[in-house]
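The block underneath contains the structure these notes are about, expressed in structure tokens.
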Ligand code: ADP
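Numbering (the numbering used here), first residue to last: 157 to 556.
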């Protein structure tokens, strides 16, 4: 284990109340330590991490992000060598919002930290937490390059007609309102892997990627460049998600506000009490399917709304791309759920899309094809690996 971390990148994903980390080798993707520190600031925090023989879980108070990152350091030392002696070559930070400023992985210095902080108005929950993660990690590992990898960067190539909201131009400019897109690291990684899997050049493929996790987003990719995506100014737009509504008529917000709901209440409603949870009471897809199996009508409707929205985006992107070569499912739901994959592409034979039932059911963790031989469109399942993608991007940039 101790030699295992030599040449690795420490990937840090510092969220509003959690820190996810992984020590990952940029060539092999092999992970020598990983874990999740959550419920930071709550009376009882939770730490889960992998060690030699399995998974460990502890419950302790974690005062703040500083204390959380100190725990990362302790865990790395416990499973291998102390952090500063673990042979780490770079630290890769997942940053949610790069705004109109950052389109590429970027070496972090004080000015970059300030710019990420300045973008907080666009991602008030995420960017401040990202900044704290950077600050503490730079203190812990001051002699190693730190790299910021932005969730929005891959969507920098959206054409203006896809990134522009049809609202007053002056207001939009004043408030930096446009469609930015999120989950970009995953969409880029998965579309690259899909091309590799098919043995095709990225530049010759029209792709749709469906990233279905707790958060969910779809993208249309032509020749390796994103031309549309379902998330917008914030990660609230688009598909139905675990707790997020996805698309609603903006009039709903006005109506609720005029009916007496404050803006924070509406924010809470749409981000944390909507989506599958709002419709069925549960946000976890497995729990939803269990309820559907028991004949719960709310859960059945939630499932149908989820699939209906997904089909709507697939249809839109098929037309935008003028035909598609490959549709790829990824994320916890996309990688594991047979029903969503079947139902979201059902009855599309006349569009050249046919999912093979047995292939769809095959139990595998690897990238795989689930379309039938006669399907013109290749339908794939490709596990995402954002940590690996961030590690590779960091090392490419710092050139170690
Ligand atoms: P995040 O967006 O937090 O990274 P994930 O990509 O891990 O989330 O996806 C989490 C979702 O995947 C949850 O709704 C979970 O229920 C679902 N999921 C995980 N495994 C399965 C499975 N075997 N069958 C159906 N859904 C699954």
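Positions of the beta carbon are idealized from the N, C-alpha and C atoms, including for glycine. This one's a predicted model, so the numbers in the text were calculated from it and none came from an experiment.
For residue i, count the other beta carbons within 10 Å of its own beta carbon; 16 or more makes it buried, fewer makes it exposed. Which is it?
i	result
residue 157	Only weak support is given to the placement of residue 157: the predicted model assigns it a pLDDT of 41, under 50, and the value that follows is read from those uncertain coordinates. Exposed is the call here.
residue 315	exposed
residue 396	buried
residue 391	buried
residue 520	exposed
residue 186	exposed
residue 217	exposed
residue 420	exposed
residue 359	exposed
residue 562	Outside the displayed range of the chain (157 to 556) lies residue 562, so it cannot be described from this structure.
residue 404	exposed
residue 534	buried
residue 211	exposed
Going by the DSSP bridge assignment, what does residue i pair with across the sheet?
i	result
residue 344	Its beta-bridge partners do not exist; DSSP assigns none.
residue 191	177, 205
residue 320	DSSP output for residue 320 lists no bridge partner at all.
residue 262	304
residue 363	377, 482
residue 536	484, 525
residue 511	527
Looking at residue i: is its Cβ nearer than 8 Å to the Cβ of residue j?
i	j	result
residue 182	residue 551	yes
residue 487	residue 369	yes
residue 399	residue 337	no
residue 166	residue 268	no
residue 290	residue 339	no
residue 347	residue 380	yes
residue 208	residue 201	no
residue 523	residue 349	yes
residue 363	residue 480	yes
residue 582	residue 253	An answer regarding residue 582 cannot be provided, because it is not within the stretch 157 to 556 covered by the chain.
residue 476	residue 376	yes
residue 387	residue 401	no
residue 257	residue 278	no
Run through DSSP, which three-state label would residue i get?
i	result
residue 210	strand
residue 438	coil
residue 546	helix
residue 168	strand
residue 521	coil
residue 250	strand
residue 384	strand
residue 215	strand
residue 242	coil
residue 372	strand
residue 229	helix
residue 551	helix
residue 556	coil
residue 489	helix
residue 257	coil
residue 430	coil
residue 497	helix
residue 199	coil
residue 453	helix
Just to confirm my understanding: we take residue i, look at its own chain, exclude 5 residues before and 5 after, and list those with CB closer than 6 Å. What are they?
i	result
residue 312	259
residue 513	none
residue 342	367, 540, 542
residue 433	399, 439
residue 304	249, 251, 262, 264
residue 485	366, 497, 537
Go through its chain and collect everything with a Cβ distance to residue i's Cβ below 7 Å, but skip five positions before and after it.
i	result
residue 517	494
residue 435	454, 457, 458, 461
residue 272	251, 283, 286, 287, 304
residue 546	167, 248, 250, 305, 341
residue 531	508, 509, 510
Just to confirm my understanding: we take residue i, look at its own chain, exclude 5 residues before and 5 after, and list those with CB closer than 8 Å. What are they?
i	result
residue 244	161, 164, 165, 166, 179, 297, 300
residue 443	none
residue 422	409, 412, 413
residue 489	368, 369, 372, 441, 496
residue 327	333
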